[in-house]
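Participant: Could you have a look at this structure, given as structure tokens, before my questions?
Residue numbers (this note's numbering): -7 to 352.
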């Protein structure tokens, strides 16, 4: 096991895009599902049940975090395992007033904003919002409970288009940009600001880790304050609508942060060139999606990102896919976050990557 200082050096090399023997390596043990990894959450996973913040008893989740942390140490990964407020909850949607419902595998939100004339009702009352209070309770208790072993980072927080779709419904979102562009853009500006405020409150509720902060979900250490976002529902819009209405909000999302990341599915590759133009966006994460294009098919996009920024590839990468990546891509600014079924398989894949290392 490498020391904290050595692992920090790996991260610093990633951010600096300096020559390295191999890419940055991290693992998620299990599969693509999130909710069922927490024993404390299993009683909540009942089809149709409405979830309220009081149902999430943070203390009951703490043993799950410790178990996952211990498991992560066995992999020998470079990254710092990061605890996040229970990441299966759609937190931004909940804070914005959406009803949260459970299924047997996940949690979803229900739209409620039936009329854009009611935009004033979309708010997060910091003193009285129970979902925000629960989120910050997770952050504070995880920070204290960790005792410096691991950081408390930002979980999946849906970005601008996703919040709009959550509030209005996905079909309405598309028609809003055609029929009521001024009103929906006013809402887009508002929720973007609320997202950034939640990230700020998160940072204020925790403490630095190894003189930096860590992006949750990807467990990527950063030398300073960081923010990451996703905008999955841009896939429903045309390139013209994205550029006219949402591009500037992606620029705004990154402002004030030196370490930023945007999560991207292949279905949204049509905005990749635009994202590469955002000076404040430092890293682009690309998913290997189930049923999506292969790693070989995405190599042109990977190369394009690495020419301009840093690239994080996330998914259940097997040995053949890793061999292709290592043969075809530069290692500078490359981070492989591998979803592995077991610790043993993670260890094997790490050894394989190390065996392909370059001399620098």
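Glycine residues also receive a C-beta, built at the ideal position from the N, C-alpha and C atoms. Fair warning: this is a prediction, and the values are worked out from it, not measured in the lab.
Which runs of the alpha helix (DSSP H), 4 residues or longer, sit entirely within the stretch 219 to 285?
Facilitator: Correct list: 239 to 246 and 264 to 267.
Participant: Counting only the same chain and skipping the five closest in sequence on each side, list residues whose C-beta sits under 6 angstroms from that of residue 128.
Facilitator: In the chain shown, residue 128 corresponds to position 136, counting from 1. Contacts found: 197.
Participant: Touching or not, the stretch 104 to 112 and the stretch 57 to 64, by the rule of three or more beta carbon pairs under 8 angstroms?
Facilitator: No, they do not touch.
Participant: Counting only runs of 4+ residues fully inside the stretch 134 to 180, write out the alpha helix (DSSP H) ranges in chain order.
Facilitator: Counting only runs of 4 or more, we get 152 to 160 and 162 to 171.
Participant: As an exercise, report each continuous beta strand (DSSP E) stretch of at least 3 residues that is fully enclosed by the stretch 2 to 70, in chain order.
Facilitator: The qualifying runs are 16 to 21.
Participant: Looking at the unbroken alpha helix (DSSP H) that takes in residue 336, where does it start and where does it end?
Facilitator: Translated into positions along the chain shown, residue 336 becomes position 344. 335 to 347 is the span of the alpha helix (DSSP H), which, as asked, contains residue 336.
Participant: Which residues does DSSP pair with residue 102 in a beta bridge?
Facilitator: Along the chain shown, one-based indexing puts residue 102 at 110. Bridge partners of residue 102: 91.
Participant: Considering only residues of the same chain and omitting the five flanking positions on each side of residue 65, which have a CB-CB separation below 8 angstroms?
Facilitator: In the chain shown, counting from the first residue as 1, residue 65 sits at position 73. Once the five neighbours on either side are set aside, the close Cβ partners of residue 65 are -7 and 73.
Participant: In chain order, what residues of the same chain lie with their CB nearer than 6 angstroms to the CB of residue 234, ignoring the 5 residues before and after it?
Facilitator: Translated into the one-based positions of the chain shown, residue 234 becomes position 242. So the list reads 226 and 263, once near-sequence residues are dropped.
Participant: Using DSSP with H/G/I as helix, E/B as strand and the rest coil, what is residue 75?
Facilitator: Position 83 of the chain shown holds residue 75. Of the three classes helix, strand and coil, the one that applies to residue 75 here is strand, per DSSP.
Participant: Give me the Cβ distance between residue 222 and residue 151, rounded to the nearest whole Å; I'm assuming they're in contact under 8 angstroms.
Facilitator: Counting from one through the chain shown, the residue named residue 222 turns up at place 230. Counting from one through the chain shown, the residue named residue 151 turns up at place 159. Residue 222 to residue 151, Cβ: 5 angstroms. Contact.
Participant: Determine, using beta-carbon pairs with one atom in the stretch 90 to 98 and one in the stretch 130 to 147, whether at least three such pairs fall under 8 angstroms.
Facilitator: Taking 8 angstroms as the limit for Cβ pairs, the verdict is that the stretch 130 to 147 does not touch the stretch 90 to 98.
Participant: Please report the straight-line C-alpha distance between residue 102 and residue 158, rounded to a whole angstrom.
Facilitator: Locating residue 102 in the chain shown gives position 110, counting from the first residue. Locating residue 158 in the chain shown gives position 166, counting from the first residue. Taking the straight line joining both Cα atoms gives about 7 angstroms.
Participant: Please classify residue 201: does DSSP put it in a helix, a strand, or coil?
Facilitator: Looking up residue 201 in the chain shown gives position 209. Reduced to three states, the DSSP call for residue 201 is strand.
Participant: Under the three-state reduction of DSSP, which class applies to residue 331: helix, strand or coil?
Facilitator: Taking the chain shown and counting its residues from 1, the one referred to as residue 331 is at position 339. Three-state DSSP puts residue 331 in a strand.
Participant: Quickly, what does DSSP pair residue 207 with across the bridge? List them, please.
Facilitator: On the chain shown, residue 207 is found 215 positions in, with the first residue counted as 1. Residue 207 pairs with 212.
Participant: Applying the 10 Å Cβ sphere with the 16-neighbour rule, what's the burial state of residue 120?
Facilitator: Numbered from its first residue, the chain shown carries residue 120 at position 128. That one is exposed.
Participant: Measuring alpha carbon to alpha carbon, tell me which residue in 237, 329 and 315 is nearest residue 349.
Facilitator: One-based indexing of the chain shown puts residue 349 at position 357. Closest option to residue 349, Cα to Cα, is 315.
Participant: Assess contact between the stretch 40 to 52 and the stretch 243 to 253, defined as three or more Cβ pairs (one per stretch) separated by less than 8 angstroms. Is contact present?
Facilitator: No contact exists between the stretch 40 to 52 and the stretch 243 to 253.
Participant: In terms of residue numbering, what span does the beta strand (DSSP E) encompassing residue 303 cover?
Facilitator: Against the chain shown, residue 303 aligns to sequence position 311. Start and end: 302 to 307.
Participant: For residue 321, does the three-state DSSP call read helix, strand or coil?
Facilitator: In the chain shown, counting from the first residue as 1, residue 321 sits at position 329. Residue state, collapsed to three classes: coil.
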